[in-house]
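Line by line, the protein sequences are chains E and G. If you use the working numbering, the first sequence closes out at 1178, no skipped numbers anywhere. If you use the working numbering, the second sequence closes out at 1178, no skipped numbers anywhere. Glycine is no exception: its CB is placed at the ideal position from the N, C-alpha and C atoms. Just so it is clear, the structure is predicted and the values come from calculations on it, not from any experiment. Notes follow the structure.
There are 2 protein chains.
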Amino acid sequence: MSNRHLLIIAHGSRRQASNDEVRQLGERVSEIRGAGIAQVAVAFLELAEPGIPEALARCAAQGAEEIIVFPYFLAAGTHVANDIPEALTEFSAKQPQIKLHLTSHLGASATLAQTILDVASQPG
Amino acid sequence: MSNRHLLIIAHGSRRQASNDEVRQLGERVSEIRGAGIAQVAVAFLELAEPGIPEALARCAAQGAEEIIVFPYFLAAGTHVANDIPEALTEFSAKQPQIKLHLTSHLGASATLAQTILDVASQPG
Chain E
1055 MSNRHLLIIA
1065 HGSRRQASND
1075 EVRQLGERVS
1085 EIRGAGIAQV
1095 AVAFLELAEP
1105 GIPEALARCA
1115 AQGAEEIIVF
1125 PYFLAAGTHV
1135 ANDIPEALTE
1145 FSAKQPQIKL
1155 HLTSHLGASA
1165 TLAQTILDVA
1175 SQPG
Chain G
1055 MSNRHLLIIA
1065 HGSRRQASND
1075 EVRQLGERVS
1085 EIRGAGIAQV
1095 AVAFLELAEP
1105 GIPEALARCA
1115 AQGAEEIIVF
1125 PYFLAAGTHV
1135 ANDIPEALTE
1145 FSAKQPQIKL
1155 HLTSHLGASA
1165 TLAQTILDVA
1175 SQPG
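Below is the structure:
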């Protein structure tokens, strides 16, 4: 099995608590990940660290052979359609031996509707 | 069983396609909802219609006895902490007979980490 990393990319916020929410989510994902994912990391498009290039370089330094990139965005705006793909293209030009997989963004995830129903069934 | 509605509240965007993504998500949630939820609706905090007061009034007009309110937000900022609760309080003052349940926001949902792993396991 190849050394596969998961990189969760969020927008980033001036509000540090929002960035910390993303980091904590990344830790939860890491805790429950299966054997198919070696490491989980988070990156921010802007306003918080690490940025996307830094996070991808860190994955590479840690021996990643594949990186699954998950856009933690609700809508398919410019960031999802352009900015994130461009950052990946730049990285691939420098590190072509590392396979990158860009997934659908959160708002288009097939299981999101069920996630919402799960929350709604446990009101409190 | 009481007449229970689910109201998904999004921020709203100047970009109509983003608002339409939310409306489509609401339709998907409606399609797969169980018998415990009579109707699913979406509302927007700003920049798109319907607003929260209008959407709540519509639920009431359709006979809702309970409304589960789901904040479709990634972070617990001012909108989640203050604006949405205030809108619910105003509605309850006018329609105290309708029970409102405010759930955790999407970013704090217990199953979100698993949702991300599900997406990551189907890269494409």
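Span separating the alpha-carbon of residue i from that of residue j
| i | j | result |
| --- | --- | --- |
| residue 1177/G | residue 1143/G | The predicted model places residue 1177/G with a pLDDT of 49, which falls under 50 and marks its position as unreliable, so this point remains unresolved. |
| residue 1174/G | residue 1128/G | 18 Å |
| residue 1066/G | residue 1137/E | 21 Å |
| residue 1107/G | residue 1145/G | 7 Å |
| residue 1097/E | residue 1061/E | 7 Å |
| residue 1124/G | residue 1070/G | 21 Å |
| residue 1109/E | residue 1095/E | 7 Å |
| residue 1132/E | residue 1150/G | 42 Å |
| residue 1089/E | residue 1058/E | 10 Å |
| residue 1155/G | residue 1112/E | 43 Å |
| residue 1141/E | residue 1172/G | 24 Å |
| residue 1134/G | residue 1157/G | 10 Å |
| residue 1169/G | residue 1164/E | 9 Å |
| residue 1093/E | residue 1139/G | 37 Å |
| residue 1085/E | residue 1126/G | 24 Å |
| residue 1068/E | residue 1130/E | 21 Å |
| residue 1148/E | residue 1087/E | 28 Å |
Cβ distance (whole Å) where residue i is taken to contact residue j below 8 Å
| i | j | result |
| --- | --- | --- |
| residue 1083/E | residue 1064/E | The Cβ separation is near 12 Å, so there is no contact. |
| residue 1118/E | residue 1091/E | In fact, because the Cβ distance is near 10 Å, the residues do not count as touching under 8 Å. |
| residue 1079/G | residue 1167/E | 6 Å |
| residue 1056/G | residue 1120/G | 5 Å |
Element boundaries [alpha helix (DSSP H), containing residue i]
| i | result |
| --- | --- |
| residue 1107/G | 1106-1115 |
| residue 1061/G | First-last for residue 1061/G: 1058-1064, but that is the beta strand (DSSP E), not the alpha helix (DSSP H). |
Option nearest residue i by Cα separation, candidates the options
| i | options | result |
| --- | --- | --- |
| residue 1073/G | 1086/G, 1101/G, 1056/G and 1085/G | 1101/G |
| residue 1162/G | 1068/E, 1081/E and 1056/E | 1081/E |
| residue 1122/G | 1086/G, 1164/G, 1159/G and 1165/G | 1159/G |
Residue i - containing beta strand (DSSP E), residue span
| i | result |
| --- | --- |
| residue 1152/E | It is not in any beta strand (DSSP E) - residue 1152/E carries neither H nor E in the DSSP assignment. |
| residue 1097/G | 1093-1098 |
| residue 1120/G | 1120-1125 |
Beta carbon proximity, residue i to chain C, threshold 8 Å
| i | result |
| --- | --- |
| residue 1143/G | Going by chain labels, chain C is absent from the structure shown, which instead holds the protein chains E and G. |
Using a Cβ-Cβ cut-off of less than 9 Å, list which residues of the stretch 1064-1076 of chain G approach chain E; keep chain order.
-> Cβ contacts with chain E: 1064, 1065, 1067, 1069, 1071, 1072, 1073, 1075 and 1076.
Using a Cβ-Cβ cut-off of less than 7 Å, give me the residues of the stretch 1102-1118 of chain E that come near chain G, in sequence order.
-> none
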